[in-house]
Structures are given as structure tokens and as C-alpha cells.
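Q:
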Amino acid sequence: MNAHDIGSVRSKLIKMAVFTTLAALLSASVAMLVLDLRTFQRLWIDDLTTQADIMASVTAPALAFSDAKTAQQQLAVLRARPQILSGAVFTASGTRFASYVKAGTEQTLPTRPRAAGYLIERGGLEVWHNIVENGELVGTVYLRSRYGLVDRLLNYGAILGGVMLGALVIAGLVASRLQAAITRPLEAVTNVARQVMQRRDFTLRVPGNNSGEIGVLVDAFNDMLAEIGRRADALQAANRTLEHEMDVRQKAEDALIVADRRKDEFLATLAHELRNPLAPIRTGLDILRIRSGDAQATQRATDIMERQLRQMVRLVDDLLDVSRINTGKFAIKMGRVELKAVVNDALEVVRSYIELHGHELVLDLPDRPVFLHGDATRLAQILSNLLNNA
66 MNAHDIGSVR SKLIKMAVFT TLAALLSASV AMLVLDLRTF QRLWIDDLTT
116 QADIMASVTA PALAFSDAKT AQQQLAVLRA RPQILSGAVF TASGTRFASY
166 VKAGTEQTLP TRPRAAGYLI ERGGLEVWHN IVENGELVGT VYLRSRYGLV
216 DRLLNYGAIL GGVMLGALVI AGLVASRLQA AITRPLEAVT NVARQVMQRR
266 DFTLRVPGNN SGEIGVLVDA FNDMLAEIGR RADALQAANR TLEHEMDVRQ
316 KAEDALIVAD RRKDEFLATL AHELRNPLAP IRTGLDILRI RSGDAQATQR
366 ATDIMERQLR QMVRLVDDLL DVSRINTGKF AIKMGRVELK AVVNDALEVV
416 RSYIELHGHE LVLDLPDRPV FLHGDATRLA QILSNLLNNA
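Going letter by letter, the sequence shown gives residues 66 to 455 in this note's numbering.
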């Protein structure tokens, strides 16, 4: 039996059954031993008292006639009782009248008689019995016998010890068989718990149909596994949802980073575009200041500044449109629009660029009016942007 078996439920149940049986047997054995010893003592006292009464009856005539020889012969009959070690007959005056000592023993006879009764001492039993003749005390009989209390105790203890040993062996065997009703469900619970820890499989269950407290324990363990399994599934689902949300958030952050980068690029381009009209405007102002009397130069400078101002207004409008889009306030005014008017509005914006770069713009529009459904301002803006890019 290893250390695990010593501390197991199986060994504890067997020990409990054996120790319970041992305690019960010890209690019963002590009670039986005490009862037997008292019975043994009473039997010995009664037997020796009866023998003393017989001796008193047969020696009474010898005392009456002072026949010591006959009394001695009567005491010699005690040789037939090997357990009697010595005996004596005393007269009424207390003188020892006759005596008997078992051969091969050394016995000390009392010199004076005692009151009727018994005395247990020095491993022997002494009985004093009065000799009565015609209602008159004529003497006393003394008998001493072997008192085998120790032998009786040893023999009875050996018997009880054998019975107890056999009972303990039987109790251990029976307990080892009966403990399976308790230990097998517990071992099943332990094995399933170990497999759950190793495999992380909460679908495992403890089999069996047990009743009583063991059945309640098994059912509670299975219910606990089911609850843990449900919570584990819920936790995994929550983790998957969280991972998905993190992916969505990461993509949104990446999109925001791209949008922010594009915004910065747009602002940088817009700043550059806003600076471009300033130089022609400054040039026009210089022309007006230097050639204030030259009407042609003045008109030329005025035209330049007007075109550049329109360009700056267009750029500012683009910036406002971006702001409206970001804040969700960008609105499109839909309506019936004539195509030629949209083209003319766009040409007014880009005509100076076309002339400045020496490009040629050819319009091919139908003679009859062409109507569209849209936002005239946005359509003109889109067309002017396309022409500028071209």
C-alpha cells in the first residue's frame, strides 16, 4: 500500500469499519470478561463453601467425642480434590484439632480460626465455616484451595483475542467489498475532473445512477460541469465578438489615418493653390500703381485681378464644400438645368487659364436647348475642375 492508498477514501473507510468493529468487540469483551470473572469467583467460593460444609458435617461427631484420629481421616479425603491445598479443623476454643496439607506443597496453616466467610489472597481462596451440632458451635472448618484467576484470565483472553482477530479480518473483508459503493463514484468523479483539466472538455459527464448523498454529489458535479461549459462557450463567443470588434475598430482607425493623411494633402495643395493667385493680384496692383494713367494697362490689370479673385473664391468654395461634407451639411439642390448655361459658367472660371497657357477650346453644343436634372452650381464646378485638370 503506497502513500496514496493510505490517504485514500477506500483505506479510510476500511479503517473506520475495522476500528468501529474493534471498539465494539473491545467493549463487549471487557463486559463479558468482567461477568465471567465474577461468575468464576462465585462458583469457586460456592464450591469451596459446599466442601467446607460437608467437612463440618462429617467431623462434627469426631469433635463431639474428641476423636482427632477420625477427624484426621475425614480431612484426608480432601486428596480427591486436587485444587484444595490444605485444610484444618479447630475446636470451639480455637485449638487446631486436625489438619491436612496436600503432598508436595508447602502450606502454612493458621494458628487461630477466623469468623465464617472467605478470603482471597496470595493467589488462593480461603473459606472459614462453622461446625454446629444441635444448635451449638462446636468448631470451625478451614479450607484453602488454588484460585486460578490468572489462568482463567489468560485462557478467556486468548479465546476473546482469537474471536476479535477473526471478526476484524471479516470486518475488513466486508468493508473492502462494501466501500466500492462509495469509492467507485468518487473515483469516477476524480477521473472526469482530471480529464476535464487535461483536455478542457466540459462535455464530459460522470456516468452511473447512484442514490443517496453520493447520487446528489454526482448530479451536482455534472451540473457544475454543464454550467462551466456554458460559461466557457459564452466567454469564447464574447472573445470572438471582441476580436471582431477590434478588427473593425482597427480598420476604422486605418481608414481615419488615411482620411487624415488625405486631408493634410488636400490642405497642403489648397494652401499652395491659394498662394498662386496672390502673385498675379500683386502684379496687377503694381501695374495700377505704376501705370495709373494707361487705360489699357489698367483694364488688363483689372481683368487679371478679377480672374484670380474668382479663382480664390472657387478655392474657398471647395474648402467650404469639404467642411460641409465632413460635418454632414453638404447639400445638393436638384432642379431643371439648361446644359449650355452650365458650360458657360464653367468657361468663365477656366477661360483665363486656357488663354494663359495658349490652349484652344472648341465647343460643340446642339442648337436646341438641352435640359438636365441636377445642381447647376455643382455641375459647373465639376466641369471647371475637369477643364483645369486638362
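Built from N, CA and C at the ideal position, the CB exists for glycine as well. Small disclaimer: the values here were computed from a predicted structure and weren't measured.
1) Quick check: Ala-127 and Ala-136, are their CB atoms within less than 9 Å of each other?
2) Does DSSP put His-69 in a helix, a strand or coil?
3) Between Asp-410 and the rest of its own chain, which residues show a CB-CB distance below 6 Å, the 5 nearest in sequence each way excluded?
4) So Val-154 is in the beta strand (DSSP E); what residue range does that whole segment cover?
5) Return the chain-ordered ranges of every beta strand (DSSP E) run that is complete within the stretch 86-166 and spans a minimum of 3 residues.
6) Would Gln-244 be called buried (16 or more neighbouring beta carbons within 10 Å of its own) or exposed?
7) When DSSP labels each residue in this structure, what does His-438 get in the three-state scheme?
8) On the three-state DSSP scale, how would you describe Asn-37?
9) Specify the secondary structure class of Val-206 as computed by DSSP and reduced to three states.
10) Any contact between the stretch 80-96 and the stretch 227-235? By contact I mean 3 or more CB pairs, one from each, below 8 Å.
11) Going by Cα to Cα distance, which pick from Arg-179, Leu-426 and Ser-241 is closest to Ala-82?
12) Mind checking if Gly-169 is an interface residue toward chain C, Cβ cutoff 9 Å exclusive?
13) According to DSSP, is Glu-171 part of a helix, a strand, or is it coil?
14) For Leu-430, does the three-state DSSP call read helix, strand or coil?
15) If you draw a straight line from the C-alpha of Gly-200 to the C-alpha of Gln-139, how long is it?
16) Suppose you measure from the CA of Leu-350 to the CA of Ala-366; what does that come to, to the nearest Å?
17) In angstroms with no decimal places, state the Cα-to-Cα distance between Asn-287 and Arg-259.
18) Just verifying my parser: in three-state terms, what is the DSSP assignment at Leu-452?
19) Mapping the DSSP letters down to three states, classify Leu-190 as helix, strand or coil.
20) Check whether the Cβ atoms of Arg-187 and Leu-174 lie closer than 9 Å to each other.
21) Pull up the distance between the alpha-carbon of Glu-425 and that of Leu-353, whole angstroms please.
22) Could you pull the DSSP bridge partners for Gly-182 from this structure?
23) Determine the direct distance from the alpha carbon of Leu-321 to that of Glu-308, and round the result to whole angstroms.
24) Which residues bound the beta strand (DSSP E) around Gly-400?
25) According to DSSP, is Arg-177 helix, strand or coil?
26) Between the alpha carbons of Gly-294 and Gln-263, how many angstroms are there, rounded?
27) Can you give me the start and stop residues for the alpha helix (DSSP H) that Asp-216 sits inside?
28) Classify Arg-270 as helix, strand or coil using the three-state DSSP reduction.
29) Work out the CA separation of Ala-291 and Ile-79 for me, nearest whole Å.
30) Quick check on Val-323: buried or exposed, where buried means 16 or more other Cβ atoms within 10 Å of its Cβ?
31) Taking DSSP's pairing of strands, which residues face Arg-211 in a bridge?
32) If Val-407 and Ala-360 are in contact, beta carbons under 8 Å, what's the gap, nearest whole angstrom?
33) Do the CB positions of Gly-159 and Tyr-207 come within less than 9 Å of each other?
34) For Phe-84, does the count of other Cβ atoms within 10 angstroms reach 16, so buried, or fall short, so exposed?
35) Tell me which same chain residues have a C-beta within less than 6 Å of the C-beta of Val-254, skipping the five on either side of it?
36) Please name the residue, chosen from Ala-180, Leu-150 and Trp-193, that lies closest to Gly-169 on a Cα-to-Cα basis.
A: Looking at the coordinates:
1) yes
2) Caution applies to His-69, whose pLDDT of 47 falls short of 50 and renders its modelled position unreliable; the model cannot decide the point.
3) Ala-445
4) It spans 149-156 - the beta strand (DSSP E) in which Val-154 sits, taken as one unbroken run.
5) 149-156 and 161-166
6) With 16 or more Cβ atoms within 10 Å of its Cβ, Gln-244 is classed as buried.
7) strand
8) In the structure displayed, the chain extends from 66 to 455; residue 37 sits before or after that span and is not available.
9) Strand, per DSSP.
10) yes
11) Ser-241
12) In the structure shown, chain C cannot be found, because there is only a single protein chain.
13) coil
14) coil
15) Cα to Cα, Gly-200 sits roughly 22 Å from Gln-139.
16) 7 Å
17) If I take the Cα positions, the gap works out to 14 Å.
18) helix
19) strand
20) Not a contact, by the Cβ cut-off of 9 Å.
21) 29 Å
22) Trp-193
23) Distance between the alpha carbons of Glu-308 and Leu-321: 20 Å.
24) 400-403
25) coil
26) Answer to the nearest angstrom: the Cα atoms are 15 Å apart.
27) 214-243 is the extent of the alpha helix (DSSP H) around Asp-216.
28) coil
29) 34 Å
30) exposed
31) Gly-189
32) Actually they are not in contact, since the Cβ atoms of Val-407 and Ala-360 sit about 34 Å apart, beyond 8 Å.
33) no
34) exposed
35) Val-271 and Phe-286
36) Leu-150
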